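Trainee:
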Amino acid sequence: MKIALIILGVLLLMGLLIGGQFVGVRNDLVTQKNSIDAAFAQVDVVLQRRSDLIPNLVNTVAGFAKQEKEVFASVANARAALAGARNPQEKIAANSQIDGALSRLLVVAENYPQLKSDQNFLRLQDELAGTENRIAVERRKYNEAVQKYNTSIELFPNNIAASIFGFQRNDAYFKTDPASRQAPKVDFNK
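Its first residue numbered 115, the sequence shown is counted upward by one per residue in my numbering.
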């Protein structure tokens, strides 16, 4: 009888320890998932800031370059895609679209020397550069939070608790556009 009580006590203690471990892992995963949401909310804030700056920049450039309607339309379409995005994956895709549209807009601006000396344009371009830096910082923080979460749910014994509690891998990373990985070609002979 004493041996059965000891065995029962040991089993109960082991059950409590294992159960406590699973609860601790679950709580840690919930915390990490919330960190991902908070990091993306910060990304969303700076993306909205950039989106708010774009109309002013477009209007300034449009005053100088009226014939560049295609570029202005692509910027407007990219902003609309960002405004209509409902989840991180859609916002990441819309953000890539805005990156491309803005780079085309700035190329247009390079073709108009009088625009490059306009104080309003210079101020807006400076604000946009600062916002782009903020976006880069927040993207990095978000990607780090996603990576930490994904690593946690793949480690043993966390992977067991993650599958029991329904935690899924999150692959909504901000990634570099493959075209931007190539170095620009500079030719001074033109």
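All C-beta atoms, glycine included, are put in the ideal place defined by N, C-alpha and C.
Note that the structure is predicted; figures quoted are calculated from it, not measured.
#1: In terms of residues, what are the limits of the alpha helix (DSSP H) holding Leu271?
#2: Please work out which residues of its chain come closer than 7 angstroms, Cβ to Cβ, to Phe302, disregarding the five sequence neighbours upstream and downstream, and give them in chain order.
#3: Out of curiosity, what's the CA-to-CA distance linking Ala208 and Arg193?
#4: Using only the alpha-carbon positions, how far apart do Ile267 and Met128 sit?
#5: What are the start and end residues of the alpha helix (DSSP H) that includes Phe186?
#6: So, for Thr245: in the same chain, excluding its five sequence neighbours on each side, which residues have a beta-carbon less than 7 angstroms away from its beta-carbon?
#7: Take Ser217 as the anchor and find which of Ile206, Gln135, Asn264, Leu242 has the nearest alpha-carbon.
#8: Please return the same chain residues whose Cβ sits closer than 6 angstroms to the Cβ of Ala275, not counting the five positions on each side in sequence.
#9: Let me know the secondary structure DSSP gives Phe154 once reduced to three states.
Mentor: Looking at the atomic coordinates:
#1: Taking the sequence shown and counting its residues from 1, one reaches residue 271 at position 157. Note that residue 271 corresponds to Pro in the displayed sequence, not to Leu. If you look at Pro271, you'll find it isn't in any alpha helix (DSSP H); DSSP assigns it neither H nor E.
#2: Here residue 302 is taken as the residue at index 188 of the sequence shown, counted from 1. Any reading at Phe302 must be qualified, since the residue scores a pLDDT of 45, below 50, and its modelled position is unreliable; the value itself is stated next. Around Phe302: no qualifying Cβ.
#3: In the sequence shown, the residue the question calls residue 208 occupies position 94. In the sequence shown, the residue the question calls residue 193 occupies position 79. Taking the straight line from one Cα to the other gives about 8 angstroms.
#4: Here residue 267 refers to the residue found at position 153 when the sequence shown is read from its first residue. Here residue 128 refers to the residue found at position 14 when the sequence shown is read from its first residue. In this structure, the CA atom of Ile267 is about 23 angstroms from the CA atom of Met128.
#5: By 1-based counting over the sequence shown, the position of residue 186 is 72. Going by DSSP, Phe186 is part of the alpha helix (DSSP H) stretching over 183-198.
#6: Position 131 of the sequence shown, counted from the start, is the residue given in the question as residue 245. So the list reads Val160, Arg163, Arg164, Leu167, once near-sequence residues are dropped.
#7: In the sequence shown, the residue the question calls residue 217 occupies position 103. Shortest Cα-Cα distance from Ser217 to any of Ile206, Gln135, Asn264, Leu242 involves Leu242.
#8: Here the question's residue 275 lines up with position 161 in the sequence shown. Cβ within range, chain order: Phe136, Val139, Arg140.
#9: Taking the first residue of the sequence shown as 1, we reach residue 154 at position 40. When DSSP states are grouped into helix, strand and coil, Phe154 belongs to the helix group.
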